[in-house]
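To keep things clear, I will list the structure first and then write my remarks on it.
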Amino acid sequence: MSKQLPPGLAVESVDERIMTLNVGPQHPGSGHMRLIIKIDGDYIVSCDPDPGYVHRGEEKMAEYRNYITNIPHLERPVIHDSCNVLYPYCLGVEDLLGIEVPERAKYVRVIASELNRCVYTLYWLAIYGIFLGHSTMFMWPAGDRELLIDLLEKMTGARVTHAYFVPGGTRNDLPANFEDVCLRQVNYFEKRIREYGPIFYDNPILIARTQDAGILSREDAIRLGTTGSVLRASGVDFDIRKKEPYDAYEELDFQTNVLKEGDSYARSKVPWLDMLESCRIIRDALAKMPKSGSVRVKLKPNPKGGDESVYRRVESGRGSLGCHIVSNNKPEPYRLKLSVGSFRNLICMPHLLKGEKLGNMPAVYWSLNYWPVEADR
Amino acid sequence: MSIIAPKFRLGYFLKYVLDNVFWIIVLLTLVGLPLVQIMLFYIDLPIVNGELVNPFLALTWLADPSRTLPLIKALMFTDIFRIAAFPGFGFAALLAAGTIFVERKMLAKLQLRVGPFYCGKVEGILQLMADGLKLISKEIIIPAKSDKPIFIAAPLLFVGAAAAFVALIPVAPGGWVVADVDIGLIAVFAVIGFFPIITILSAWSANSKFPFIGGIRALHQMVSFEIPLILSLLGVVILTGTLNLTEIIESQSSFPWIIFLPVGAIVFFICALAELERIPFDLPEAESEIVAGWLTEFSGMMYGLVQLGSYLKLYAFAALFVVIFLGGWHGPMIWPPFPEEIITEGITAGPITAKIPGLPVFSQEMLNGVLWFVIKTVSVIFFILLPRGVFPRIRIDMLLKIGWYKLIGLAFVNIFIALTLLYAGVFGPGGIL
Numbered sequence: 002m003s004k005q006l007p008p009g010l011a012v013e014s015v016d017e018r019i020m021t022l023n024v025g026p027q028h029p030g031s032g033h034m035r036l037i038i039k040i041d042g043d044y045i046v047s048c049d050p051d052p053g054y055v056h057r058g059e060e061k062m063a064e065y066r067n068y069i070t071n072i073p074h075l076e077r078p079v080i081h082d083s084c085n086v087l088y089p090y091c092l093g094v095e096d097l098l099g100i101e102v103p104e105r106a107k108y109v110r111v112i113a114s115e116l117n118r119c120v121y122t123l124y125w126l127a128i129y130g131i132f133l134g135h136s137t138m139f140m141w142p143a144g145d146r147e148l149l150i151d152l153l154e155k156m157t158g159a160r161v162t163h164a165y166f167v168p169g170g171t172r173n174d175l176p177a178n179f180e181d182v183c184l185r186q187v188n189y190f191e192k193r194i195r196e197y198g199p200i201f202y203d204n205p206i207l208i209a210r211t212q213d214a215g216i217l218s219r220e221d222a223i224r225l226g227t228t229g230s231v232l233r234a235s236g237v238d239f240d241i242r243k244k245e246p247y248d249a250y251e252e253l254d255f256q257t258n259v260l261k262e263g264d265s266y267a268r269s270k271v272p273w274l275d276m277l278e279s280c281r282i283i284r285d286a287l288a289k290m291p292k293s294g295s296v297r298v299k300l301k302p303n304p305k306g307g308d309e310s311v312y313r314r315v316e317s318g319r320g321s322l323g324c325h326i327v328s329n330n331k332p333e334p335y336r337l338k339l340s341v342g343s344f345r346n347l348i349c350m351p352h353l354l355k356g357e358k359l360g361n362m363p364a365v366y367w368s369l370n371y372w373p374v375e376a377d378r
Numbered sequence: 034m035s036i037i038a039p040k041f042r043l044g045y046f047l048k049y050v051l052d053n054v055f056w057i058i059v060l061l062t063l064v065g066l067p068l069v070q071i072m073l074f075y076i077d078l079p080i081v082n083g084e085l086v087n088p089f090l091a092l093t094w095l096a097d098p099s100r101t102l103p104l105i106k107a108l109m110f111t112d113i114f115r116i117a118a119f120p121g122f123g124f125a126a127l128l129a130a131g132t133i134f135v136e137r138k139m140l141a142k143l144q145l146r147v148g149p150f151y152c153g154k155v156e157g158i159l160q161l162m163a164d165g166l167k168l169i170s171k172e173i174i175i176p177a178k179s180d181k182p183i184f185i186a187a188p189l190l191f192v193g194a195a196a197a198f199v200a201l202i203p204v205a206p207g208g209w210v211v212a213d214v215d216i217g218l219i220a221v222f223a224v225i226g227f228f229p230i231i232t233i234l235s236a237w238s239a240n241s242k243f244p245f246i247g248g249i250r251a252l253h254q255m256v257s258f259e260i261p262l263i264l265s266l267l268g269v270v271i272l273t274g275t276l277n278l279t280e281i282i283e284s285q286s287s288f289p290w291i292i293f294l295p296v297g298a299i300v301f302f303i304c305a306l307a308e309l310e311r312i313p314f315d316l317p318e319a320e321s322e323i324v325a326g327w328l329t330e331f332s333g334m335m336y337g338l339v340q341l342g343s344y345l346k347l348y349a350f351a352a353l354f355v356v357i358f359l360g361g362w363h364g365p366m367i368w369p370p371f372p373e374e375i376i377t378e379g380i381t382a383g384p385i386t387a388k389i390p391g392l393p394v395f396s397q398e399m400l401n402g403v404l405w406f407v408i409k410t411v412s413v414i415f416f417i418l419l420p421r422g423v424f425p426r427i428r429i430d431m432l433l434k435i436g437w438y439k440l441i442g443l444a445f446v447n448i449f450i451a452l453t454l455l456y457a458g459v460f461g462p463g464g465i466l
């Protein structure tokens, strides 16, 4: 055979007991990547995730653009969570340039970031619902996203790709009367997502399916380097917003949600609890925010960083999201590296799926809070 | 919504009607009349009852119902009509089409959407027709390495088996059933037994991995749920002492069996959900795991045929539930009686009064029976559709555990209830009821 097979695949003989399934990239349950799954009957023998189908070279692209023109393309990895993706970059550039952000901008950023976290989590939850065959849980979050997207549209002018955070604050101030609208929408939104409890999280079939599926112990979660909701579902109280508070999170009153079970059910429940907590943060931030003032520090045109490197991280919808910027006295970064939660969580997937049933594959896979585009960058 | 949907305007409507009338007149005179002339000139027309049967006679028949009615009546008591139209395929397909529409709209309301909306102007009522046209116009792709004869035959067999199931269901009193066999219930079980075979045949012949896994799942599911399905109906057979479905309905003239055998009804309902591959038991078509299960390789109208078959099957299972447990066509008389003066005095339309022999076409009992049958079947179908909006899919091991441990046990409980009722002297010869 002169033709080389892709890595991970081999020609099977007829009498072989192990069957190789090529799940994706053209598969309703794979996302933008391929899973090479070997099954013995209904049990998964091994799982080999093969990401990289949506690699766009964001980090390399950042080396050819200056600190301001990097903004719109850096949010592309997760457009549903675009504020949070830009957040560590903006914090890092502010450190490099030595800018202090105005007090009001800090709160505006927190509000935008929490709204965007909810938007992302709802999208994730909708897909989790349809992965488990629960079509109502697909439609409800997808519909309720509109509430928050409308709010973000009022704030930023764009519905999905906001490009709202800039080094030095936010692009524009809040519109008039935004506080009242935001409070009303968020209160209604909280009432809505509480209804997901009876139909989805208390559903006996869902509990029977996801409990004890893909258990990640506390030690394994730390050893494999998982982050975000996956880590918190395994009983580790780790949230960047608490551990390394940035912007206004120090002054806000909130708590992190930690579950001890470490199974798919806990992993699917933590983001939902986080959304309820986000509503609390938004209300608190709206109350404590200075009512007037500037939201943006004017930068010099084409600002240059010093000869140093910074690393800042924030808590995104998928866990800690870090940005490492190396500067060498030029308007462009010498090197920019994103450390994303999706890829960290993907690492534990082969570990979790080994020995599971094939029917548990979607339940475990999507509970890892994985976003293929972000992992590939 | 009204901003997006085109507005109704009387002027446009009238123009549309007049355009159509214009083209009908033009085509009739330019094409239809010459055709009729050619026929009259060159074809020897037959003579029936001393009258030359020519095409214009059709217009006479339209104007004279006393001649049309016997023809229609004679047609209605032929086997062709029964198989194709009323208690058989056409009636079932109509109800199945209604089911698809209701399913979409109900699910949409449950999920805070509007559902099909534009096709057909009124609440997307023609969406099904559009989908059917789309499926017909699509290319049928047959995998290169599949076992082609079996692969092509599988959807036809599926629809055939579903239609055979429909043919066994009695719909109305007075022999309105396609096949009234003495061992009707056993015939039903035999037909149900075909479905796993067809499924595994189609799955295996596609020669692809996802259909194969889906077919194996379907086989496991159907075989393990067939046993409690059959056992759950045995209670009724013990109490009635017959396997004929019409006689089972006749035995429920005063009360339906669901009152005495609720456990059997519940077991039958759950088994029907599993046999129909409805959520929460739609593992053979689990999208996120195995694409579309055993339907993955079907395309175009082959997929459409499988869908048609599965909705016919849905109707047939709901109808079987009605026949066995809900008393079939029995119900209070709510259909109005046929007006007597039409029979005695005839129909008066303006100056003309015509007496029509052979009225009424259907008896009042039959129409009332069909009405009750449809009402009951539709409500059972509603409960079969409802879990789709509420439950996620379950896993194959949980499914088999439910089938083998719980439902078979409950089915035996049901049989013991039936035996207790029989030996306690409540039913049977010399019983209280």
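Residue numbers (my numbering), protein chains in the order written: chain A, 2 to 378; chain B, 34 to 466.
The beta carbon of each residue, even a glycine, is placed where N, CA and C say it ideally should be.
Same chain, Cβ closer than 7 Å to residue i, five either side skipped, listed in chain order
i                : result
Arg345 (chain A) : Gly226, Thr227, Thr228, Gly320
Cys91 (chain A)  : Phe166, Val167, Pro168
Gly170 (chain A) : Val102, Pro103, Ala106, Val296, Arg297, Val298
His163 (chain A) : Ser83, Cys84, Leu153, Thr157
Residue j beta carbon less than 9 Å from that of residue i
i                : j                : result
Val86 (chain A)  : Leu322 (chain A) : yes
Ile233 (chain B) : Ile219 (chain B) : no
Tyr88 (chain A)  : Val315 (chain A) : yes
Leu316 (chain B) : Arg428 (chain B) : yes
Ser444 (chain B) : Leu267 (chain B) : Residue identity differs from the one stated: residue 444 (chain B) is Ala in this sequence, not Ser. The answer is yes: Cβ separation under 9 Å.
Met156 (chain A) : Ile112 (chain A) : yes
Ala352 (chain B) : Ile202 (chain B) : yes
Lys181 (chain B) : Gly333 (chain B) : no
Ala130 (chain B) : Tyr438 (chain B) : no
Neighbour-count burial assignment, residue i, 16 or more Cβ in a 10 Å radius
i                : result
Phe191 (chain B) : buried
Met2 (chain A)   : Residue confidence for Met2 (chain A) is low, a pLDDT of 47 falling below 50, so the modelled location carries little weight; the figure read from the coordinates is stated next. The residue is exposed, with fewer than 16 neighbouring Cβ atoms inside 10 Å.
Gly207 (chain B) : exposed
Ala457 (chain B) : exposed
Ala397 (chain B) : Inspection of the sequence shows that residue 397 (chain B) is occupied by Gln rather than by Ala. Burial call: exposed.
Gln5 (chain A)   : exposed
Gly294 (chain A) : exposed
Arg42 (chain B)  : exposed
Thr111 (chain B) : exposed
Leu217 (chain A) : buried
Gln254 (chain B) : buried
Met366 (chain B) : exposed
Ala267 (chain A) : buried
Glu220 (chain A) : exposed
Neighbour list for residue i in chain A, Cβ cutoff strictly below 7 Å
i                : result
Lys242 (chain B) : Met20, Leu22
Ile429 (chain B) : Asp43, Gly360
Close Cβ partners of residue i (< 6 Å) along its chain, the five nearest in sequence each way excluded
i                : result
Val377 (chain A) : With the sequence shown as reference, residue 377 (chain A) is identified as Asp, and Val is not the correct amino acid for it. For Asp377 (chain A), where only same-chain residues beyond five positions count, the Cβ hits under 6 Å are Pro52, Gly53, Val55, His56.
Gly306 (chain A) : Leu97, Ser328
Asp240 (chain A) : Thr257, Glu316
Asp43 (chain A)  : Lys358, Leu359
Interface residues of chain B facing residue i [CB-CB closer than 9 Å]
i                : result
Gly144 (chain A) : Gln144, Leu145, Arg146
Arg1 (chain A)   : No answer is possible for residue 1 (chain A): it lies beyond the span of chain A, which begins at 2 and ends at 378.
Listed by chain order, chain B residues near residue i by CB distance under 7 Å
i                : result
Met140 (chain A) : Gln144, Leu145, Arg146
Asn178 (chain A) : Residues of chain B passing the Cβ test: none, with the nearest at roughly 26 Å.
Leu207 (chain A) : Pro425
Contacting residues, own chain, Cβ-Cβ under 8 Å from residue i (five flanking each side not counted)
i                : result
Met138 (chain A) : Leu126, Ala127, Tyr129, Gly130, Ile131, Tyr197, Ile200, Phe201
Pro313 (chain B) : Leu306, Pro420, Phe424, Pro425, Arg426, Ile427
Lys178 (chain B) : Asn240
Partners in chain A for residue i, counting only beta-carbon separations shorter than 9 Å
i                : result
Asp315 (chain B) : Gly134
Ile312 (chain B) : Gly134, His135, Ser136
Neighbouring residues, chain B, relative to residue i (Cβ below 8 Å)
i                : result
His28 (chain A)  : Val324
Asn204 (chain A) : Val423, Phe424, Pro425
Ile200 (chain A) : Val423
task: Taking only runs that begin and end inside the segment 330-404 of chain B, name each unbroken beta strand (DSSP E) of 3 or more residues, in chain order.
output: Scanning the segment 330-404 of chain B for uninterrupted beta strand (DSSP E) segments of 3 residues or longer gives 380-382, 385-387, listed from N- to C-terminal end.
message: Ignoring anything shorter than 3 residues, give me the beta strand (DSSP E) runs that lie fully in the segment 12-54 of chain A, in order along the chain.
response: Here the runs fully enclosed are 20-24, 35-41, 44-51.
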